[in-house]
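Quick note, the sequence shown lines up with residues 1 to 91 if you use the numbering used here.
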Amino acid sequence: MTTTKIETPPVQYAEATAALDAADSILIVTHVFPDGDAIGSLLGLGLALQARYPDKRIDLAVDGGVPDYLTFVPESATVLSTLTQGAWQVM
Numbered sequence: 001m002t003t004t005k006i007e008t009p010p011v012q013y014a015e016a017t018a019a020l021d022a023a024d025s026i027l028i029v030t031h032v033f034p035d036g037d038a039i040g041s042l043l044g045l046g047l048a049l050q051a052r053y054p055d056k057r058i059d060l061a062v063d064g065g066v067p068d069y070l071t072f073v074p075e076s077a078t079v080l081s082t083l084t085q086g087a088w089q090v091m
């Protein structure tokens, strides 16, 4: 059996953290027709960012909204289903 090593660029954590630190507004999105993993990840990241940056505007969005069968998930009502024109410094 042959294995292939895939080279990936290094993650720039310091640059990502600096961008989040400097931003006043952050938008987090997930894919259309999300499943429970996507909604859970969206909400988990959103809650973590809100805990770290309580004074920043952090919006969570899913095109079409959270599916009805996942609306029982805590905080799912905070997810935007549509976006109006807006400006987020980090997306």
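Heads up, the beta-carbon is just placed ideally off N, CA and C, and yes, glycines get one too.
>> Considering only the alpha carbon of each residue, which of Arg57, Pro67, Val73, Ala19 lies closest to Gly44?
In response: Here residue 44 refers to the residue found at position 44 when the sequence shown is read from its first residue. Of the listed residues, the one whose Cα sits closest to Gly44 is Val73.
> Would Gly46 pass as a contact of Ile28 if the rule is Cβ separation under 8 Å?
Replying inline: Reading the sequence shown from its first residue, position 46 is the one you call residue 46. Reading the sequence shown from its first residue, position 28 is the one you call residue 28. Contact flag set, yes.
> Going by the CB atoms, is the gap between Lys5 and Ser25 shorter than 8 Å?
Replying inline: Counting from 1 along the sequence shown, the entry for residue 25 is found at position 25. Counting from 1 along the sequence shown, the entry for residue 5 is found at position 5. Taking 8 Å as the Cβ cut-off, Ser25 and Lys5 do not qualify as a contacting pair.
>> Just to confirm before moving on: does the CB-CB distance between Leu42 and Val79 stay below 8 Å?
In response: By one-based count along the sequence shown, residue 42 stands at place 42. By one-based count along the sequence shown, residue 79 stands at place 79. The answer is yes: Cβ separation under 8 Å.
>> Measuring alpha carbon to alpha carbon, tell me which residue in Ala77, Gly64, Leu49 is nearest Leu30.
In response: Mapped onto the sequence shown, residue 30 falls at position 30. For the sequence presented, residue 30 should be read as Thr rather than Leu. Thr30 has its Cα closest to that of Gly64, out of Ala77, Gly64, Leu49.
> Would you say Ala51 reaches chain B, if we count a Cβ-Cβ gap shorter than 8 Å as a contact?
Replying inline: Going by chain labels, chain B is absent from the structure shown, which holds only one protein chain.
> From Leu52 to Thr2, what distance separates their C-alpha atoms?
Replying inline: For this step, residue 52 is matched to residue 52 along the sequence shown. For this step, residue 2 is matched to residue 2 along the sequence shown. Just to set this straight, residue 52 is Arg in the shown sequence, not Leu. Whole-angstrom Cα-Cα distance: 44 Å.
>> Once DSSP output is grouped into helix, strand and coil, what is the label at Asp92?
In response: In the structure as shown, the chain begins at 1 and stops at 91. Residue 92 is therefore absent and cannot be evaluated.
> Taking just the CA atoms, how far does Glu7 sit from Trp88?
Replying inline: Here residue 88 refers to the residue found at position 88 of the sequence shown. Here residue 7 refers to the residue found at position 7 of the sequence shown. Rounded to the nearest whole angstrom, the C-alpha separation of Trp88 and Glu7 is 32 Å.
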